[in-house]
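Encoded as structure tokens, the structure appears first; notes follow it.
Chains as they are written, first to last, in this note's numbering: chain A, 35 to 466; chain B, 39 to 346; chain C, 6 to 198.
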């Protein structure tokens with residue numbers, strides 16, 4: 035990346051020098067996460083969640099590959115291969131299965147926090163638009179992977195979840211039903227769907243890993259954002275990634291893994307649905323069809339469109355986020371210095387939690403009504419409110435630099451030379 | 039451009055949702071949903087405390103054996119347990135010889151082929167077999183049970199909201215339909231082939247009460263009295279084991295892992311604090327022109343009495 | 006970027022040596038804990054590949070031998086591999102006992118390969134010790150090779166009446182698994198004697 039004071043890689047050990055001359059992999063690692071990558075010194079703990087997402091992706095891939103050694107992707111064998119073979123007979127099988135099941139939940143949890151960090155601190159703004167968009171691609175791939183993975187045990191929720199979600203495709207005009215049949219390889223989720231979901235579920239995490247590499251690469255060009263949103267000016271503003279952020283990421287990861295162990299060992303089925311311990315029955319629908327918790331907000335948005343609406347609305351929800359860098363034009367990045375934006379941010383957080391609760395509740399007129407208001411706010415937030423706020427908001431004065439903010443406190447007010455409070459209009463770029 | 043289009047799309051979506059909201063609410067107020075008997079009279083499961091509860095839960099093997107006895111003598115007439123093998127009974131404290139006897143004495147035999155004629159026949163179960171099915175297939179099961187399918191019990195305590203407490207409540211919850219219910223919902227009389235049980239989701243369960251009298255099963259000496267309540271507890275405890283045979287190993291490993299990670303977190307945190315100490319204490323790479331250092335230099339000079 | 010200290014003396018420099026050792030100790034401790042954790046996490050990943058409980062439960066097979074006449078044999082299965090159970094005739098037993106051990110590539114007497122009092126029951130794996138093919142000779146009319154035992158068609162290994170290798174590339178006699186006569190007419194293969 036582009037900081038001139040980044041320490042260059044200088045291998046001392048003769049073996050490392052030999053290797054570096056032939057394949058500069060250590061150099062790459064050194065420059066990416068070693069002593070050779072400068073990072074703003076003022077990052078807070080909200081910046082830990084990206085690496086945590088990477089850790090959970092790794093956990094999922096490893097436990098997944100190992101589970102696949104025992105899983106049978108057939109409609110009569112799948113449930114037993116999971117609940118009899120793996121859970122009872124395979125050595126440590128119960129651990130691998132619970133780890134994989136809860137690993138998915140934790141993967142989504144840390145990713146959501148990571149996304150909301152990006153929203154609050156304006157990490158999606160120039161020059162990091164591509165980092166943001168690649169991140170959303172990762173998120174979409176994660177949702178697809180998780181959905182297909184949940185079908186594999188072939189329990190009641192697996193089957194009916196597959197039925198409902200693939201059913202949405204038939205809402206598209208003309209191509210809808212043929213598309214659904216093409217996806218399923220049949221008229222309802224059956225052997226064809228199960229085997230192809232297994233194949234794709236195995237494949238997509240590696241695609242995710244590839245996009246994660248692009249995501250990090252794109253980030254390392256401008257370097258990380260920071261809580262002030264002010265660009266790095268000189269070397270006083272940064273610290274080398276190693277040992278400072280390896281240590282910080284390391285201890286926090288240990289704490290999160292502790293929490294993960296508590297859930298996996300002591301409450302392994304808490305986040306799940308009991309109905310998935312009933313073998314799939316295509317002739318009997320469960321009382322409530324619900325996806326896993328991490329898909330609930332979008333499920334609620336989907337169910338809010340009770341009036342006939344032809345487009346897959348939950349996809350629109352994610353798409354709205356794609357265009358955020360062009361919708362929010364405030365030159366001030368961080369929500370710290372944007373008091374109006376900040377309030378709407380927290381409103382969004384509450385809104386998403388409400389949507390999650392609605393998604394998990396039985397369908398009753400009053401709950402659906404709450405969901406409809408919440409869903410409307412969701413779209414209004416990204417598409418209407420943020421553009422308006424970014425246009426008309428009065429931002430707080432920014433600190434001169436990161437080190438200024440570290441030395442003198444977080445608002446620019448205390449620093450020796452204070453910038454004038456400015457309206458976004460004056461600084462609005464011409465490019466739309 | 040993006041903003042204008044986004045703006046319009048946002049308004050359109052919000053508008054559609056608003057229309058849906060209005061139509062939803064108006065239909066709610068003009069046509070309020072009728073209350074259901076099930077909603078009002080359904081009861082949450084009773085409280086049940088088992089040795090397996092909590093993070094330090096373990097199995098009371100004697101209770102599990104009593105529960106298994108109830109399964110063998112009462113429930114297995116209709117309910118399969120097809121994910122559990124006879125050899126798994128080691129977890130209840132039986133040894134190999136006892137397991138072999140339990141398997142070969144089991145009242146249902148395993149489908150097999152006559153080695154001489156090739157005809158379908160049955161053979162005695164072996165420890166490596168799973169518990170034989172009481173009915174050969176679903177059709178037979180329904181035919182014998184008024185078109186109701188007795189669910190497999192291997193995972194029942196994981197497959198129902200409320201788990202073991204739900205199973206216990208169902209087994210002890212059979213009662214006559216309360217007159218208040220009939221007064222309020224005259225159409226909700228329990229049909230002839232069903233039985234009223236407020237702990238069941240729609241109040242009327244197809245299973246007749248399986249545990250009806252105290253002493254229905256005779257426990258070996260040294261065990262509590264086999265009252266209906268005790269038998270229900272015991273079989274519920276057994277069914278926790280069938281669903282979670284890993285429970286004890288899981289808890290033991292969990293405690294070890296959590297303690298390890300606690301130490302690891304503390305150590306790692308201390309290491310991190312040490313690495314960051316200089317940064318946090320404000321010592322940093324600076325030069326003489328930094329305002330802080332200039333201030334310090336001024337102060338030091340003033341102290342030493344050196345002119346500016 | 007070196008964490009250079011500012012001009013004035015800092016608190017840590019006087020205990021420089023001590024401080025470095027303390028610092029290193031903590032870092033070493035933290036990293037070793039992580040290392041131990043990593044290795045421990047490896048354990049379930051490796052152990053899950055070992056045979057699962059249902060496979061181990063198939064470790065023994067019971068076979069009914071009541072219908073096997075002298076001179077006959079049956080092919081059965083144990084741990085998903087073929088097993089030859091042969092009822093030797095007195096002539097075959099005598100032939101086996103007449104072979105001097107020095108003639109054998111893998112010297113073993115018939116008595117060593119059968120149970121005392123039941124030397125007519127020859128129970129071996131039906132897997133050629135050369136490269137794993139299933140030899141011929143157990144069924145009626147199959148080629149039994151020139152030593153009257155088993156013949157492997159893949160590369161021409163010839164076994165005698167005690168299933169010992171006599172000619173051909175196989176290095177060892179057909180493997181005799183653990184087995185037990187649970188009754189005079191049933192054998193449990195895989196059960197230790």
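Just so you know, even glycine gets a beta-carbon here, dropped at the ideal spot from N, CA and C.
is_contact[residue i, chain B] using C-beta, thresh 9 Å
i                      : result
residue 205 of chain A : no
residue 63 of chain C  : yes
residue 371 of chain A : no
residue 299 of chain A : yes
residue 151 of chain A : no
residue 78 of chain C  : no
residue 116 of chain C : no
Start-to-end residues for the beta strand (DSSP E) that takes in residue i
i                      : result
residue 92 of chain C  : 86-92
residue 149 of chain B : 148-151
residue 229 of chain A : Careful: residue 229 of chain A lies outside any beta strand (DSSP E), inside the alpha helix (DSSP H) at 225-254.
residue 194 of chain C : 191-194
CB contact below 9 Å: residue i versus chain C
i                      : result
residue 237 of chain A : no
residue 313 of chain B : yes
residue 24 of chain A  : In the structure as shown, chain A begins at 35 and stops at 466. Residue 24 of chain A is therefore absent and cannot be evaluated.
residue 346 of chain B : Its pLDDT being 48, under 50, residue 346 of chain B is placed unreliably by the model, and nothing is read from it.
residue 169 of chain B : no
Interface flag, residue i vs chain A, CB-CB below 9 Å
i                      : result
residue 53 of chain C  : yes
residue 33 of chain C  : no
residue 286 of chain B : no
residue 201 of chain B : yes
residue 50 of chain C  : yes
residue 59 of chain C  : yes
residue 39 of chain C  : yes
residue 87 of chain B  : no
residue 104 of chain C : no
Buried versus exposed call for residue i [16 or more other C-beta atoms within 10 Å across all chains shown]
i                      : result
residue 245 of chain B : buried
residue 189 of chain C : exposed
residue 114 of chain B : buried
residue 216 of chain A : exposed
residue 140 of chain C : buried
residue 157 of chain B : exposed
residue 338 of chain A : buried
residue 159 of chain A : buried
residue 37 of chain C  : exposed
Whole-number beta carbon distance between residue j and residue i, since they are thought to touch under 8 Å
i                      : j                      : result
residue 383 of chain A : residue 150 of chain A : 7 Å
residue 97 of chain C  : residue 178 of chain C : Residue 97 of chain C to residue 178 of chain C, Cβ: 15 Å. No contact.
residue 193 of chain B : residue 281 of chain B : 5 Å
residue 127 of chain A : residue 94 of chain A  : Contact flag wrong, Cβ pair sits at about 17 Å.
residue 162 of chain A : residue 238 of chain A : Incorrect: roughly 25 Å between the Cβ atoms, too far for contact.
residue 234 of chain B : residue 84 of chain B  : Actually they do not touch by this definition, with Cβ atoms about 16 Å apart.
residue 173 of chain C : residue 183 of chain C : About 27 Å separates the two Cβ atoms, so there is no contact after all.
residue 75 of chain C  : residue 92 of chain C  : 5 Å
Start-to-end residues for the alpha helix (DSSP H) that takes in residue i
i                      : result
residue 211 of chain A : 210-218
residue 393 of chain A : 373-394
residue 199 of chain A : 190-203
residue 166 of chain A : 163-185
residue 284 of chain A : 280-300
residue 331 of chain A : 330-338
residue 274 of chain A : Premise fails: residue 274 of chain A lies in the beta strand (DSSP E), 272-274, not in any alpha helix (DSSP H).
residue 69 of chain C  : No alpha helix (DSSP H) holds residue 69 of chain C; the beta strand (DSSP E) holding it covers 66-69.
residue 136 of chain B : 134-143
residue 506 of chain A : Because chain A spans 35 through 466 in this model, residue 506 of chain A falls outside it and cannot be assessed.
residue 77 of chain C  : No alpha helix (DSSP H) contains residue 77 of chain C, which DSSP labels as neither H nor E.
Curious, which full-length beta strand (DSSP E) runs of at least 3 residues does the stretch 44-127 of chain A contain? Complete beta strand (DSSP E) runs here, min 3: 72-74.
Threshold first: 4 residues or longer. Then list the alpha helix (DSSP H) segments lying entirely within the stretch 22-62 of chain C, N to C. The stretch 22-62 of chain C contains these whole alpha helix (DSSP H) runs: 58-62.
Residue ranges of each beta strand (DSSP E) run of no fewer than 3 residues wholly in the stretch 99-181 of chain C, ordered along the chain? Whole beta strand (DSSP E) segments, 3+ residues: 126-130, 153-156, 163-165, 170-172.
Within the stretch 55-112 of chain B, ranges of the alpha helix (DSSP H) (whole runs, at least 4 residues): Fully enclosed alpha helix (DSSP H) runs of 4 or longer: 75-79, 99-111.
Can you list the alpha helix (DSSP H) stretches of 4 or more residues lying completely in the stretch 212-293 of chain B, in chain order? As for any alpha helix (DSSP H) of minimum length 4 sitting wholly inside the stretch 212-293 of chain B, the runs are 217-222, 266-281, ordered along the chain.
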